[in-house]
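In our numbering, the protein residues as written are -1 to 809.
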């Protein structure tokens, strides 16, 4: 496969000539990309104009439109940085590598551009001097818009034919990219992926892959590019989608441009708090409460809470229905509840079954009560008059009118039929009877997950009955008022409740069917009017008319709007959506209940799990992968390690070394490939002077990395006060729940800083971080490892022992 004229030798042409050649090829690529885009646009317009009255036809039209819209989006997003590399092989084949594949002009022509995910492109990431894989030159093309700015070459084998310019080798292209200042957003790394990263990205889809890596090893880069690779390699994932779960909304905003930049629309990015559609779960709560909610025992608690709402009475129930007092025994209600749920029906789906059993019993009782009254009335009447004489008189009257064969009304013979009629009447009336509806709602209420959880939280007695495993103090941590805002740790419980309760969609289904029928009837009416107009005009029967060529189903189908939402958009709105693969970043923070939720989202258990056990700071999180994963995956998971730290200079990683040892002596940092940065420094101050001094240090740091990004990482409890102090010197500083990462200076707590990177970082009050969390060492470790160029520590009061090795005073 050859994408351009073969290169038979590696002579030394002037560098300007090389740039001109690459620019000419880049122009060819962009022209081909433009033609391809226009072709797809035209095809999409044609599909949207088509119609089909059948349900199957509408589905097929929607699927075709979605596929074309997704392809068009990919082509449009590939414009910037379209081609970034070239491979010259030892067999004289030359391949250009880019964000997408661009076919040749004809069906038999070789591709103009190879997709970075294609097998043929893999040597671009994995070839080394020791194992060149048939490659003799690897070229990195640096572009802006459509212009080629610079090319850098790596030679394998004989270097005597190298161009005159200084050559890069090994990981130098990546290191050059890392020198650029941060922008507040993560960008894709398709041009600079490294061998161990590429190996993980291209690993098989099936099973659970755990990617362990310390700060700076590119875990998030690997996770996002693996999502893009899997979507490229497995077409079915384009339909089911990939879920990427991040630690918080700040992190999601930071990575939000990566996958769209790679042309992918079938990936849903979400925090745990965003996994329950229609709910904003962003409120804060005590770590102790979150930890309890994250325990697996909460699944049993919710199961008991649901069953307690299913006619679970401790005494007979008395009700006044139809003016009659009726008593329902505990045994009857227990049997009715068992029958309603005997096939594993969820609570809300079992309610109609329980309702039918209940109303059948009520109707039977009411019919018998009235029958007993009529019988007693007949007995009383018989005692007051000669019923037989009355019967003879009636018979004589009937005979005079209808003849001798007429029979007198036999009340006793009609009793069974009368009873059946009375019962049927009650069965018809009870669903509309307010008292009967109140009785049903009290015994078996229709519940939403939110209502179930609010009722449980607001009632200590309900909690005590549903959660006997929890101590009184633990249950008290769950109590809260109705209407309180939801937290991220509530989301797995709401999802669990939704699974237990179920959703009865029969009414919606009937409404949709009725709406479709109405649309068809309306369309038929339009066609009938059209035919009638033709007849009134005297049009010949042999002349074709529009009404002769279109059916009512087709006409109604023309007005059925095609759903052009992406897979990610549809999945975000559907709690029951099943994903083909789930990627979890900062996975060490997930609680057992959150893992339970995610397994429901992907029953095939196809996961990529990314994190670092040393950075686990959530009280509900895990400190080992075995602890986190075995309850859900057993031993069916494999571990891969990222061992090279590309982002963080060795001097900054050394600053965190003692903290890492204190977390666990067995944990080893990744090997840093960047050195020569200024050693981190510490400065002490008094608590009174601390806020003002922090503002000065932040302003100095921002000037030092002008054009880059600076972060102040502070304890959560003190963040507002310290951020306000920084704002006195830097008015444009950003902080809070909706922090703007594109500002020059931001103030974050440790949870918000997870997974992010900055040019300069100021760790404010390290002792406060240690004191504010049961896993304070992990919090401090996260804070210390966010910097790519400069790290400073400002401490009010004594410096923690784990940082005593740092140089004092700022320069």
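Beta carbons are placed, not taken as given, at the ideal position from N, Cα and C, and that holds for glycine.
Residue i to residue j span [Cα, whole Å]
i: residue 603; j: residue 478; result: 35 Å
i: residue 647; j: residue 779; result: 15 Å
i: residue 78; j: residue 729; result: 34 Å
i: residue 818; j: residue 787; result: Not covered by the structure: residue 818. The range shown for the chain is -1 to 809.
i: residue 798; j: residue 227; result: 44 Å
i: residue 267; j: residue 239; result: 11 Å
i: residue 461; j: residue 65; result: 49 Å
i: residue 93; j: residue 590; result: 47 Å
i: residue 418; j: residue 424; result: 10 Å
i: residue 581; j: residue 605; result: 6 Å
i: residue 315; j: residue 305; result: 18 Å
i: residue 99; j: residue 31; result: 10 Å
i: residue 473; j: residue 427; result: 44 Å
i: residue 564; j: residue 634; result: 32 Å
i: residue 457; j: residue 464; result: 11 Å
i: residue 568; j: residue 62; result: 16 Å
i: residue 302; j: residue 659; result: 44 Å
i: residue 4; j: residue 88; result: For residue 4, the predicted structure reports a pLDDT of 37, less than 50, and the residue's modelled location is therefore unreliable. The matter cannot be settled from this model.
i: residue 804; j: residue 249; result: 29 Å
i: residue 328; j: residue 595; result: 36 Å
i: residue 791; j: residue 212; result: 21 Å
i: residue 483; j: residue 275; result: 15 Å
i: residue 744; j: residue 801; result: 24 Å
i: residue 486; j: residue 592; result: 10 Å
i: residue 307; j: residue 444; result: 9 Å
i: residue 684; j: residue 796; result: 9 Å
Residue from the options with nearest C-alpha to residue i
i: residue 218; options: 765, 273, 323 and 753; result: 753
i: residue 229; options: 502, 202, 493 and 355; result: 202
i: residue 232; options: 209, 243 and 204; result: 204
i: residue 225; options: 256, 616, 804 and 714; result: 256
i: residue 662; options: 773, 467, 761 and 17; result: 773
i: residue 642; options: 666, 626, 633 and 632; result: 666
i: residue 261; options: 210, 355, 96 and 696; result: 96
i: residue 185; options: 322, 364, 259 and 132; result: 259
i: residue 578; options: 135, 584 and 598; result: 598
i: residue 654; options: 777, 111, 276 and 35; result: 777
i: residue 147; options: 571, 249, 771 and 15; result: 15
i: residue 188; options: 209, 222 and 210; result: 222
i: residue 183; options: 421, 91 and 756; result: 756
i: residue 283; options: 364, 475, 115 and 623; result: 475
i: residue 748; options: 140, 686 and 783; result: 783
i: residue 636; options: 209, 767 and 35; result: 209
i: residue 691; options: 711, 724 and 679; result: 724
i: residue 570; options: 60, 271 and 196; result: 271
i: residue 326; options: 441, 766, 496 and 741; result: 441
i: residue 496; options: 358, 343, 421 and 149; result: 343
Terminal residues of the beta strand (DSSP E) in which residue i lies
i: residue 581; result: 579 to 582
i: residue 152; result: 145 to 153
i: residue 241; result: 240 to 244
i: residue 294; result: Note, residue 294: premise wrong, no beta strand (DSSP E); not H, not E.
Range covered by the alpha helix (DSSP H) that runs through residue i
i: residue 138; result: Not the alpha helix (DSSP H): residue 138 falls in the beta strand (DSSP E), residues 133 to 142.
i: residue 496; result: 489 to 499
i: residue 765; result: 764 to 769
i: residue 639; result: Note, residue 639: premise wrong, no alpha helix (DSSP H); beta strand (DSSP E) at 635 to 640.
i: residue 591; result: 590 to 599
i: residue 250; result: 247 to 253
i: residue 218; result: 217 to 231
i: residue 440; result: 432 to 441
One or two residues paired with residue i in a DSSP bridge
i: residue 708; result: 743 and 758
i: residue 790; result: 679 and 760
i: residue 316; result: 325
i: residue 81; result: 96
i: residue 203; result: Paired residue(s): none; residue 203 is not in a bridge.
i: residue 86; result: 92 and 135
Any non-hydrogen atom of the ligand SAM closer than 6 Å to residue i Cβ
i: residue 722; result: Of ligands this structure carries none, so the ligand SAM is not represented either.
The stretch 670 to 684 contacting the stretch 643 to 662, beta-carbon criterion three pairs below 8 Å: yes
Touch test, the stretch 278 to 296 against the stretch 442 to 455, Cβ-Cβ under 8 Å, three pairs minimum: no
Given 8 Å, three or more beta-carbon pairs between the stretch 309 to 325 and the stretch 487 to 504: no
Sufficient close CB pairs (3 or more, under 8 Å) joining the stretch 482 to 493 to the stretch 344 to 351: no
Sufficient close CB pairs (3 or more, under 8 Å) joining the stretch 756 to 767 to the stretch 693 to 709: yes
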